[in-house]
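The opening position of the sequence shown corresponds to residue 3 in this note's numbering, with each subsequent residue numbered one higher.
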Amino acid sequence: MRNVLLPVDVQGRRISEYKDRARELIRMVGLGDFEKRLPNELSGGMQQQVALARAHNPKILLMDEPFAALDAMTRETMNIELQRIWSGQHKTVLFVTHGIAESVFLSDRVVVLTPRPGRVAAVFDIPFPRPRSAQLLGAAEFAALAAKIRSVFDISGATLS
C-alpha cells in the first residue's frame, strides 16, 4: 500500500484521499491479499504488478522494459496480466521492449527503431483480436508476423552456433 501511494506522497497530496483508489488498484492487479507486504516479500512478478498499480491511472502509461528482469514464465504471465488490466482501462500504453514476440502479443502497433540515432525503421499494425491468449504465441500467423518484424533488423550473415 505504501509503495502504491508513494507518488501521492511525493506530490505532497493527502494520502488519506487516495487510499480507497490505491486499494482498488491493488485489487485490480491481483494483489489484494498482499496490501501490507513489503517489496522484499514479493516475487519479481508481484513487484511489477505493484509498479502497474503505482501508475495511478495516467492518460499514457510509459513502460520501458518493465519485464526484462523476469524469468520467461513470469514474463509471459505479466504480459497476460498487463493485457487484462489494459482491457479494463483502455489507456494508451507505450511499451518499450527488445522482445519481438512480446511486442506482437501486447501491441496494436509495433514501431521498430534503428540503432543510434534512433529513427523509425518500420511500423507494423498487429491484426490479432483482443483478448489474446497464450495460445496465440504458437500460431503460424503470429510466428510469420514476428519473422517479418525480425527481418527489419537485417542481421544477414549472423548464425547461431
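Note that the Cβ used here is the ideal one computed from N, Cα and C, for glycine as well.
In DSSP terms, what residue i is bridged to
{"i": "residue 66", "result": "98"}
Under 7 Å between C-beta atoms of residue i and residue j
{"i": "residue 122", "j": "residue 113", "result": "yes"}
{"i": "residue 81", "j": "residue 52", "result": "no"}
{"i": "residue 63", "j": "residue 71", "result": "no"}
{"i": "residue 110", "j": "residue 87", "result": "no"}
{"i": "residue 44", "j": "residue 24", "result": "no"}
{"i": "residue 47", "j": "residue 76", "result": "yes"}
{"i": "residue 103", "j": "residue 149", "result": "no"}
As assigned by DSSP and simplified to three states, the class of residue i
{"i": "residue 35", "result": "helix"}
{"i": "residue 14", "result": "coil"}
{"i": "residue 49", "result": "helix"}
{"i": "residue 73", "result": "coil"}
{"i": "residue 25", "result": "helix"}
{"i": "residue 44", "result": "coil"}
{"i": "residue 54", "result": "helix"}
{"i": "residue 7", "result": "coil"}
{"i": "residue 163", "result": "The predicted position of residue 163 is uncertain, since its pLDDT is 48 and thus under 50; a value taken from the coordinates is nonetheless stated next. Note: residue 163 maps to coil in three-state DSSP."}
Contact with chain B by residue i, beta-carbon distance below 7 Å
{"i": "residue 154", "result": "The structure shown contains no chain B, having only a single protein chain."}
Ignoring anything shorter than 4 residues or poking outside the stretch 79–151, list the alpha helix (DSSP H) runs there in chain order. 102–108
Could you check whether the stretch 65–78 touches the stretch 20–39, counting it as contact only if at least three pairs of C-beta atoms, one from each stretch, sit closer than 8 Å? The answer is no - the stretch 20–39 does not touch the stretch 65–78, with fewer than three Cβ pairs under 8 Å.
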